[in-house]
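To start, the structure under review is shown below, and the notes come after it.
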Amino acid sequence: MNCRSCFSETVPIVDFGKMPIANNFLKNPALDTYRFNLAAEFCETCSLLQLSEQPDPELMFHDHYAFFTGLSTFMAKHFKEMALTNLPLTYSQDFMVSEIGCNDGTLLSSIADLGIRHLGIDPSQNVVESARSKGVTAEVAFFSELTAREMIKKYSQADLILAANVICHIPDINDFARGIKTFLKQDGKFVFEEPYIGSMIEKVSYDQLYDEHVFIFGALSVQSIFNKHGLTLVACEPQVTHGGSMRYTIMHKDAAVISESVGKILLQEKELGLDNIETYLNFGENCAIRKNELVQLLKHLNQKGRKVAGYAATSKSTTVLNFCNIDSSLISYISDSTKEKIGTFTPGSNIPVISHEEMRLNPPDYLVLFAWNHENEILAKESGVLDSNVKWIRFVPKVEIVQ
Ligand code: JHZ
9 MNCRSCFSET VPIVDFGKMP IANNFLKNPA LDTYRFNLAA EFCETCSLLQ LSEQPDPELM
69 FHDHYAFFTG LSTFMAKHFK EMALTNLPLT YSQDFMVSEI GCNDGTLLSS IADLGIRHLG
129 IDPSQNVVES ARSKGVTAEV AFFSELTARE MIKKYSQADL ILAANVICHI PDINDFARGI
189 KTFLKQDGKF VFEEPYIGSM IEKVSYDQLY DEHVFIFGAL SVQSIFNKHG LTLVACEPQV
249 THGGSMRYTI MHKDAAVISE SVGKILLQEK ELGLDNIETY LNFGENCAIR KNELVQLLKH
309 LNQKGRKVAG YAATSKSTTV LNFCNIDSSL ISYISDSTKE KIGTFTPGSN IPVISHEEMR
369 LNPPDYLVLF AWNHENEILA KESGVLDSNV KWIRFVPKVE IVQ
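Under our numbering, the first residue of the sequence shown carries the number 9, and numbering increases by one thereafter.
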């Protein structure tokens with residue numbers, strides 16, 4: 009295929025096989041018929057890791073999107089910090105903050121509470137309604153250059169544009185970058201954070217790859233994407249969220265003051281081989297090893313008559329369950345806190361999703377931690393509530409029973 013950013017020929021690195029829509033949690037699994045091939049390719053020219061095929065955006069983002077940002081207390085605090093630390097010390101009355109992919113308004117509500125002009129943009133109607141209920145001004149739209157023009161007409165250009173775990177969902181990345189170029193004031197900042205390619209490679213967290221995540225970025229690829237559009241990377245700040253993320257700050261080239269962090273992270277990425285195809289081919293092989301280790305452990309526990317369930321019906325779990333061919337014979341159910349997911353089945357693998365309360369009433373022997381990225385929050389929350397005999401299984405950064 010050709011790279012979505014620079015159009016060079018890409019190299020296939022891993023193929024996970026047929027996949028359903030990751031967040032298609034349905035009460036009637038017979039209706040879950042759509043499948044696409046989940047595979048990743050690497051562009052040696054601009055170091056961009058990308059899916060070779062992505063379903064139509066409308067199949068993933070709609071009026072019943074099943075993910076709500078605010079369900080993690082840790083993430084809610086993190087986004088408050090992201091919103092507030094990026095505000096300048098002083099700003100005029102017409103200062104405008106926009107968030108692309110505002111979801112349920114968890115981040116923007118901190119801006120709205122300060123009475124600052126703001127605008128959330130998200131393609132999923134139901135989460136936008138949730139944002140509006142928090143006093144957040146939000147529009148239902150996919151962000152693009154055209155959307156940017158429409159938003160400027162209706163509101164204004166933005167001084168600060170924020171996005172978290174969103175840009176990696178947008179396949180037409182050049183149109184997106186043109187949209188930022190248009191929407192961002194001349195001295196404005198675009199700050200976004202995403203799961204980091206270095207962490208995914210290091211931890212073999214292959215479950216970061218699913219339909220919505222068409223890209224996994226690093227500083228090398230981000231710099232290349234925005235440079236083509238008169239914008240530039242001015243800062244990189246590593247984050248602990250989602251198993252390792254990177255926060256990038258982008259400005260118009262003319263206004264940019266570039267921090268030392270950019271050179272430092274770019275150099276680090278080269279030293280780690282994140283611009284080298286061998287690193288990615290090796291990652292592809294490691295995915296197969298991880299799959300085998302998890303399946304062997306689950307089969308072994310099953311043969312010993314142990315009851316195994318899952319904790320958190322994440323989007324990421326759809327990749328793990330389908331790639332590893334795990335169904336309800338190996339994992340009886342998965343418990344989750346999202347009310348929209350309870351009573352449904354996991355896409356493709358048809359494992360029932362129940363509430364954590366129901367799980368705690370009749371707990372299994374083992375719980376596979378599908379939200380491994382929220383391990384600290386979840387283990388702290390469950391200690392003292394969950395039967396202390398229940399053992400946790402993690403599969404990132406390696407497959408093991410947590411001691
Ligand atoms: P979590 C989503 O991915 C989708 P997911 C999206 N594409 C993305 O990029 C990331 O978020 C940011 C459950 N849970 O955050 C609730 C509990 O049950 O890893 C959700 O179903 N108890 C936009 O889905 C799921 O986990 C808890 O205590 O992989 C969310 O998982 C917590 C913290 C979560 O994201």
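Using N, Cα and C, we set each Cβ at its ideal position, and we do this for glycine too.
The model shown is predicted, which means the values in this text are computed figures rather than measured ones.
query = Shortest alpha-carbon distance to Ser-206 belongs to which of Gln-133, Val-22 and Gly-281?
reply = A small fix is needed here, since residue 206 is Gly in this sequence, not Ser. Gly-206 has its Cα closest to that of Gly-281, out of Gln-133, Val-22 and Gly-281.
query = Mind pulling the beta strand (DSSP E) runs of 3 or more residues that sit fully within the region 240-318?
reply = 253-260
key: Completely contained beta strand (DSSP E) runs for the region 322-395, where each covers 3 or more residues   = Listed in chain order, the beta strand (DSSP E) runs fully inside the region 322-395 are 342-344, 361-363 and 374-377, counting runs of at least 3 residues.
task = State yes or no: is the C-beta of Ala-379 nearer than 7 Å to some heavy atom of the ligand JHZ?
result = yes
query = By how many angstroms is the C-alpha of Asn-173 removed from the C-alpha of His-447?
reply = Residue coverage of the chain in this structure runs from 9 to 411, which leaves residue 447 outside it and unanswerable.
task = Would you mind reading off the limits of the alpha helix (DSSP H) that contains Arg-402?
result = Note, Arg-402: premise wrong, no alpha helix (DSSP H); beta strand (DSSP E) at 399-402.
query = With a Cβ-Cβ cutoff of 8 Å, do Val-105 and Asp-183 count as a contact?
reply = Not in contact: Val-105 and Asp-183 (Cβ atoms no closer than 8 Å).
request  = Rank Glu-158, Gly-25, His-126 and Ala-30 by C-alpha distance to the C-alpha of Asn-358 and give the top, closest one.
outcome  = Ala-30
query = Is the beta carbon of Val-376 less than 8 Å from the beta carbon of Ile-339?
reply = Taking 8 Å as the cut-off, the beta carbon of Val-376 is found closer than this to the beta carbon of Ile-339.
key: Rounded separation between Glu-61 and Val-393 - CA only   = Going by the C-alpha atoms only, they are around 42 Å apart.
Euclidean distance between Cα positions of Lys-161 and Val-135 = 24 Å
query = Is Ser-336 near the ligand JHZ, in the sense that its beta carbon is under 7 Å from a heavy atom of that ligand?
reply = no
task = In the DSSP assignment, find the unbroken beta strand (DSSP E) run with Ile-21 in it and report its ends.
result = Unbroken beta strand (DSSP E) run through Ile-21: 19-27.
message = In whole angstroms, give me the CA-to-CA distance for Ile-350 and Phe-82.
response = 22 Å
query = In whole angstroms, what is the alpha-carbon distance linking Ser-16 and Lys-399?
reply = One Cα belongs to Ser-16, the other to Lys-399, and the distance between them is close to 47 Å.
ask   = Buried or exposed: which applies to Val-248, given that a residue is buried once 16 or more other Cβ atoms fall within 10 Å of its Cβ?
value = exposed
key: For Asn-45, the first and last residue of its enclosing beta strand (DSSP E)   = DSSP places Asn-45 inside the beta strand (DSSP E), whose first and last residues are 44-51.
query = Terminal residues of the continuous beta strand (DSSP E) containing Lys-197?
reply = 192-203
query = For Gly-318, which residues from the same chain have a beta carbon less than 6 Å from its beta carbon, with the 5 sequence-adjacent residues on both sides left out?
reply = Ile-339, Ile-342, Val-376 and Phe-378
message = Using a Cβ-Cβ cutoff of less than 8 Å, which residues in the same chain neighbour Gln-194 once the five nearest sequence positions on both sides are dropped?
response = His-260, Asp-262 and Ala-263
inquiry  = Closer than 7 Å to a non-hydrogen atom of the ligand NAP - does that hold for the CB of Ser-357?
reply    = Among the ligands present in this structure, namely the ligand JHZ, the ligand NAP is not found.
ask   = Would the region 134-149 and the region 60-75 be scored as touching if the rule is three or more Cβ pairs under 8 Å?
value = yes
request  = With a floor of 4 residues, list each alpha helix (DSSP H) that falls wholly inside the region 133-157, ordered by position along the chain.
outcome  = 133-140
task = Please find out if some non-hydrogen atom of the ligand JHZ comes closer than 7 Å to the beta-carbon of Ile-124.
result = no
ask   = Short check: CB of Asp-27 to CB of Arg-12, under 8 Å?
value = First, the residue type needs correcting, since residue 27 is Met and not Asp in the sequence shown. No, Cβ-Cβ distance for Met-27 and Arg-12 is not below 8 Å.
message = Considering only their Cβ atoms, is the gap separating Asn-94 from Lys-197 smaller than 8 Å?
response = For Lys-197 and Asn-94, yes; Cβs fall inside 8 Å.
query = Taking three-plus beta-carbon pairs below 8 Å as touching, is the region 358-369 in contact with the region 41-57?
reply = Look at the beta carbons and you see the region 358-369 not touching the region 41-57: under three pairs across the two are nearer than 8 Å.
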